[in-house]
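The next block holds one structure in the form of structure tokens; read it before the comments.
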Amino acid sequence: MSKQAGKGGAGKGKKPAKAGTDEKREDVLQAVIIADYFQDRFKPFTLDKPRCLLPLVNVPVIEYTLEFLASNGVQDVFIYCGAHSEDIEDYIYASTRWSPSSAISPFSSLEFIRVSDATSVGDFLRDLDKRGVIAGDFLLVHGDLVANIQLDAALAKHRARREANRDACMTVVLRSVGDEPHRAAKARGITPVFIIDPDSGRCLQYDEAHPLMSDRRTVIDPSVFDHGSFEVRSDLIDCGIDICTPEVLALWSESFDYELPRKNFLHGVLKDWELNGKFIYTEIFEDGYAARASNLQMYDCISKDILQRWAIPFVPDSNLMHDQSYRKVSGNCYFETGVKVERGAKVSHSAVGAKTMIKTGSSVTSSVLGRRCRIGQNVTIKDSYIFDDAIIEDGAYINHSILAGSVVIGANTQVPEGSLLSYNVHIDSEIQLPSKPPARIAVTTDSGDEAEPDVSLVGKGGKGANYEVHVDDSDSDSEDEGDRDPAVLQNGLIYSMEGLNISTLSVSTFASEDDYESDDDMGHTGYLHSGDSAGRERLSSFTSDDASKPDAFHGDAVTGLVDALRADDNEDFDSAKLEFMGLRLANNASDTEMRRAIAVAFTRRAAEFLTPEHGSLEPSKAAEKALKDKNGAIKFITDVGVGGDDVRQQAEFALAVQKGLVSVRGLESGRAGALLAAMLQQLYSLDVLEEDGILAWWADKRASEGETMNKVKEKCRVLVEWLENADEEESDEDDDE
Numbered sequence: 075m076s077k078q079a080g081k082g083g084a085g086k087g088k089k090p091a092k093a094g095t096d097e098k099r100e101d102v103l104q105a106v107i108i109a110d111y112f113q114d115r116f117k118p119f120t121l122d123k124p125r126c127l128l129p130l131v132n133v134p135v136i137e138y139t140l141e142f143l144a145s146n147g148v149q150d151v152f153i154y155c156g157a158h159s160e161d162i163e164d165y166i167y168a169s170t171r172w173s174p175s176s177a178i179s180p181f182s183s184l185e186f187i188r189v190s191d192a193t194s195v196g197d198f199l200r201d202l203d204k205r206g207v208i209a210g211d212f213l214l215v216h217g218d219l220v221a222n223i224q225l226d227a228a229l230a231k232h233r234a235r236r237e238a239n240r241d242a243c244m245t246v247v248l249r250s251v252g253d254e255p256h257r258a259a260k261a262r263g264i265t266p267v268f269i270i271d272p273d274s275g276r277c278l279q280y281d282e283a284h285p286l287m288s289d290r291r292t293v294i295d296p297s298v299f300d301h302g303s304f305e306v307r308s309d310l311i312d313c314g315i316d317i318c319t320p321e322v323l324a325l326w327s328e329s330f331d332y333e334l335p336r337k338n339f340l341h342g343v344l345k346d347w348e349l350n351g352k353f354i355y356t357e358i359f360e361d362g363y364a365a366r367a368s369n370l371q372m373y374d375c376i377s378k379d380i381l382q383r384w385a386i387p388f389v390p391d392s393n394l395m396h397d398q399s400y401r402k403v404s405g406n407c408y409f410e411t412g413v414k415v416e417r418g419a420k421v422s423h424s425a426v427g428a429k430t431m432i433k434t435g436s437s438v439t440s441s442v443l444g445r446r447c448r449i450g451q452n453v454t455i456k457d458s459y460i461f462d463d464a465i466i467e468d469g470a471y472i473n474h475s476i477l478a479g480s481v482v483i484g485a486n487t488q489v490p491e492g493s494l495l496s497y498n499v500h501i502d503s504e505i506q507l508p509s510k511p512p513a514r515i516a517v518t519t520d521s522g523d524e525a526e527p528d529v530s531l532v533g534k535g536g537k538g539a540n541y542e543v544h545v546d547d548s549d550s551d552s553e554d555e556g557d558r559d560p561a562v563l564q565n566g567l568i569y570s571m572e573g574l575n576i577s578t579l580s581v582s583t584f585a586s587e588d589d590y591e592s593d594d595d596m597g598h599t600g601y602l603h604s605g606d607s608a609g610r611e612r613l614s615s616f617t618s619d620d621a622s623k624p625d626a627f628h629g630d631a632v633t634g635l636v637d638a639l640r641a642d643d644n645e646d647f648d649s650a651k652l653e654f655m656g657l658r659l660a661n662n663a664s665d666t667e668m669r670r671a672i673a674v675a676f677t678r679r680a681a682e683f684l685t686p687e688h689g690s691l692e693p694s695k696a697a698e699k700a701l702k703d704k705n706g707a708i709k710f711i712t713d714v715g716v717g718g719d720d721v722r723q724q725a726e727f728a729l730a731v732q733k734g735l736v737s738v739r740g741l742e743s744g745r746a747g748a749l750l751a752a753m754l755q756q757l758y759s760l761d762v763l764e765e766d767g768i769l770a771w772w773a774d775k776r777a778s779e780g781e782t783m784n785k786v787k788e789k790c791r792v793l794v795e796w797l798e799n800a801d802e803e804e805s806d807e808d809d810d811e
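Note that my numbering numbers the sequence shown so that position 301 is 375, with each residue one more than the last.
What follows is the structure, given as structure tokens:
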């Protein structure tokens with residue numbers, strides 16, 4: 075079968091049309107996939123492999139996208155590959171499920187479209203308009219989409235709006251952060267800001283905010299105020315799913331300088347809607363999973379979400395690939411057939427591919443290991459992603475890094491947080507890779523030539539050299555020439571602001587072109603509703619007079635939370651949560667700062683109950699009352715303070731509670747330690763902290779820094795020993811079974 079009709083042509087890989095059907099009839103749902111754009115954000119891995127074929131929990135990323143389209147009844151698929159087009163085509167044509175010649179393919183047709191002179195997504199979409207292959211409504215998605223949502227209702231609403239008004243040309247599908255957000259909702263860097271008519275769902279304005287903006291204010295177009303009520307939403311995940319009519323392609327053709335779907339197209343069309351006369355709507359999902367692995371940080375977030383079953387049915391043991399054999403085992407792990415874990419090795423919260431061996435004394439936590447990997451003795455692997463055929467020799471330490479296929483790590487080598495090692499990189503024994511900035515190592519250059527080994531980096535027996543990535547594209551709305559490219563915030567596995575000169579202006583300050591004074595109330599996480607000033611008084615205890623002060627967020631946040639805990643009313647803690655998140659947004663506070671403020675507020679309230687003025691309660695009763703007195707307080711701690719069941723986050727929160735108690739004035743160390751033990755026990759019994767999280771805190775050296783910290787910690791020894799014994803008894807029962 076000929077794969078391609080020639081350079082600049084469409085692929086011939088179609089199934090024959092069914093008898094009595096017309097391939098271009100409007101009731102056929104079509105989809106267009108932007109398969110492999112923004113390569114720089116995944117370099118050096120994309121020097122050797124297409125981004126959409128990189129393994130995400132050991133499944134090529136594009137598999138999730140195609141499964142999403144199939145589950146939503148898409149019949150015709152068009153794929154545009156910005157890079158590595160031959161590799162992607164070969165992969166699809168070799169697939170038993172997606173190949174156009176496959177008898178089990180869910181699609182009526184699947185075509186690749188090459189545009190020889192395309193340098194952007196906009197060029198491709200303008201070319202697609204010229205071809206005339208899109209007849210009716212179609213989905214525009216990216217090849218890094220992971221979603222389990224069903225679009226039936228959204229499609230019906232889109233078509234109803236279209237019937238009522240032919241100028242309704244597009245629906246942007248969004249996912250609300252919600253009360254229990256998955257990690258993808260917490261990814262930082264670039265924040266999309268949608269201004270929406272709450273009654274019709276019409277999108278009135280689109281902008282983006284990021285910490286590198288010279289002026290982090292969203293200027294609301296005066297015409298927006300003509301709509302009366304509107305909402306400013308920065309609590310939405312833009313998963314890159316657009317329901318479009320063919321008129322969308324015509325708009326791209328009319329705007330020859332548009333390159334990117336959000337930065338240019340959505341922002342521009344909404345800004346000039348009076349000229350083009352077209353309306354764009356939003357469909358906001360409150361349930362389901364939808365996110366894009368658009369950069370390494372999102373890749374990390376989505377991987378963790380899949381491991382923790384947020385994206386069902388996209389979980390390892392669903393075995394999306396026909397040759398996979400994952401099963402769920404104890405320790406919240408997923409093993410394929412042939413995995414060998416020697417006695418004395420420990421694996422938890424991880425996925426391990428077929429024929430991988432982990433030798434005695436090694437520890438693998440919250441990680442993904444590919445197939446045929448060899449992990450030596452006494453190796454530590456935490457929060458990392460290791461592709462097929464990697465070799466990690468004895469005593470090596472890997473922390474929060476990505477190691478591509480066939481990487482070799484020598485004995486006793488240290489791979490610190492944020493390291494990126496591309497395919498076939500070899501690191502010699504006894505090497506300490508740099509941590510600031512994290513290492514980014516490849517064996518090939520941009521031109522495809524083999525890089526000369528950097529002995530000072532990889533050792534005498536090593537293979538590879540430092541790779542410097544130069545980001546020249548971003549999907550951000552950064553029009554001010556003084557703004558810095560926000561893509562640098564998403565250019566690595568670790569989000570870091572170190573070394574960047576950041577403006578202290580609030581990202582949540584809104585103004586019109588006439589510099590309106592805003593009396594609006596932040597009524598949701600990142601959510602501003604016009605015309606509602608009822609909550610203005612509530613915000614007073616959460617508002618800083620000077621947000622530029624380093625401790626402005628902490629002081630105001632702690633004061634606001636303690637006031638909410640002391641309040642005599644019977645209201646749920648939800649309003650306090652919303653106000654707290656509004657303050658966080660206004661100050662651009664980090665997760666660490668939020669965790670610290672929450673821990674200090676609750677420990678301060680618990681310590682109050684020990685005093686005669688508040689009943690002189692015993693530590694156990696004081697802890698219980700502080701944590702359970704307010705409805706919704708435990709949920710707030712779980713969702714915002716801890717942020718999930720990740721062991722590291724739980725240990726960090728336990729450490730923050732310990733430091734909070736140590737900082738309480740007048741509370742001697744013995745009483746502080748007893749209260750700490752009581753609070754940890756309560757948090758454990760309420761399923762906020764797991765035993766692994768408490769044990770990780772106990773093992774953390776920071777918990778013993780200084781005489782006072784150590785004294786407070788020692789009061790928890792009985793609790794820790796009880797947890798350890800319970801863990802051993804459970805392990806014995808598992809062995810017996």
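A virtual CB, placed ideally from N, CA and C, is assigned to each residue, including glycine.
Because the structure is a prediction, the values reported are computed rather than measured.
For this session: Would you mind stating whether Phe-647 and Lys-704 have Cβ atoms separated by less than 8 Å?
Result: yes
Exercise. Per DSSP, Gln-104 is paired with what?
Worked result: Asp-150 and Phe-212
For this session: Would you list, in sequence order, the uninterrupted beta strand (DSSP E) runs of no fewer than 3 residues that lie entirely inside the segment 274–322?
Result: Runs of the beta strand (DSSP E) spanning 3 or more residues and lying entirely within the segment 274–322 occur at 277–283, 291–294, 305–307 and 310–318, in chain order.
Exercise. What is the DSSP secondary structure of Pro-335, counted as helix, strand or coil?
Worked result: helix
For this session: Can you give me the Cβ contacts of His-500 inside the same chain, cut-off strictly under 6 Å, excluding the 5 residues immediately before and after it?
Result: Counting only residues of its own chain and dropping the five nearest sequence neighbours on each side, His-500 has a CB closer than 6 Å to the CB of Val-482, Gly-536 and Lys-537.
Problem set entry | Contact belief for Leu-735 with Leu-749 at Cβ below 8 Å, rounded distance in angstroms | 6 Å
Exercise. How many whole angstroms separate the CB atoms of Gly-444 and Glu-467, which I take to be in contact at a CB cut-off of 8 Å?
Worked result: Not quite, the Cβ-Cβ distance comes to about 17 Å (not below 8 Å), so this is no contact.
For this session: Rounded to whole angstroms, what's the CA-CA distance from Thr-518 to Leu-323? Just pull it up for me.
Result: Straight through space, the alpha carbons of Leu-323 and Thr-518 are spaced by roughly 38 Å.
Exercise. Roughly how many whole angstroms lie between the Cα atoms of Ser-404 and His-341?
Worked result: 48 Å
Exercise. How close, in whole Å, do the beta carbons of Leu-754 and Cys-790 come, if the pair is a contact with beta carbons under 8 Å?
Worked result: 6 Å
Exercise. When DSSP labels each residue in this structure, what does Ser-550 get in the three-state scheme?
Worked result: The predicted position of Ser-550 is uncertain, since its pLDDT is 43 and thus under 50; a value taken from the coordinates is nonetheless stated next. Three-state DSSP puts Ser-550 in coil, outside helix and strand.
For this session: Could you say if the segment 624–641 and the segment 674–683 meet the contact criterion of at least three C-beta pairs nearer than 8 Å?
Result: yes
Exercise. Buried or exposed: Thr-319, going by 16 or more other Cβ atoms within 10 Å of its Cβ?
Worked result: buried
Problem set entry | Close-in-space but distant-in-sequence residues of the same chain around Lys-534 (CB under 7 Å, 5 per side omitted) | Hits under 7 Å: Asp-502.
Exercise. Name the DSSP bridge partner or partners of Val-267?
Worked result: Asp-281
Problem set entry | Which of helix, strand or coil DSSP assigns to His-232 | helix
Problem set entry | Coarse secondary structure for Thr-120, derived from DSSP in three states | helix
Exercise. Alpha carbon to alpha carbon, what distance is there between Met-668 and Glu-726?
Worked result: Inter-residue distance for Glu-726 and Met-668 is about 12 Å (C-alpha atoms, whole angstroms).
Exercise. With DSSP run on the structure shown, which of helix, strand or coil describes Ala-428?
Worked result: coil
For this session: Go through the segment 342–370 residue by residue and report every complete run of the beta strand (DSSP E) that reaches 3 residues or more, in order.
Result: 353–359 and 364–366
Exercise. With DSSP run on the structure shown, which of helix, strand or coil describes Ala-812?
Worked result: Nothing in the structure corresponds to residue 812, since the chain is present only between 75 and 811.
Exercise. Where Asp-300 and Asp-197 are concerned, what is the direct C-alpha to C-alpha distance, given to the nearest angstrom?
Worked result: Rounded to the nearest whole angstrom, the CA to CA distance from Asp-300 to Asp-197 is 35 Å.
For this session: With distances taken Cα to Cα, identify the nearest neighbour of Lys-775 among Leu-729, Arg-739, Leu-741 and Ala-752.
Result: Leu-729
For this session: Report the partner residues of Thr-439 according to the DSSP bridge assignment.
Result: Ser-422 and Lys-456
Exercise. In angstroms, rounded to a whole number, what distance separates the CA positions of Cys-155 and Asp-397?
Worked result: 26 Å
Exercise. Hey, Arg-366 and His-216 are a contact pair by Cβ (cut 8 Å); roughly how many whole angstroms apart?
Worked result: 6 Å
Exercise. The beta strand (DSSP E) with Ala-516 in it runs from where to where?
Worked result: 514–516
Exercise. Can you name the residues that DSSP bridges to Lys-414?
Worked result: Met-431
For this session: Decide if Glu-137 is buried, meaning its Cβ has at least 16 other Cβ atoms within 10 Å, or exposed.
Result: buried
For this session: Look up Met-395 in the DSSP assignment and say whether it is helix, strand or coil.
Result: Looking at Met-395 - three-state DSSP - the assignment turns out to be coil, as it is neither helix nor strand.
For this session: May I have the straight-line CA-CA distance separating Trp-796 from Leu-741, to the nearest angstrom?
Result: 26 Å
Exercise. Which of the three DSSP states, helix, strand or coil, is assigned to Leu-494?
Worked result: Looking at Leu-494 - three-state DSSP - the assignment turns out to be strand.
For this session: Can you check DSSP and say which residues form a bridge with Phe-409?
Result: Arg-401 and Val-426
Exercise. Just checking, does the segment 175–183 make contact with the segment 407–423 on the three C-beta pairs under 8 Å criterion?
Worked result: no
Problem set entry | With 16 other Cβ atoms within 10 Å as the buried cut-off, status of Asn-799 | Asn-799 counts as exposed, since fewer than 16 other C-beta atoms from the protein chains shown sit within 10 angstroms of its C-beta.
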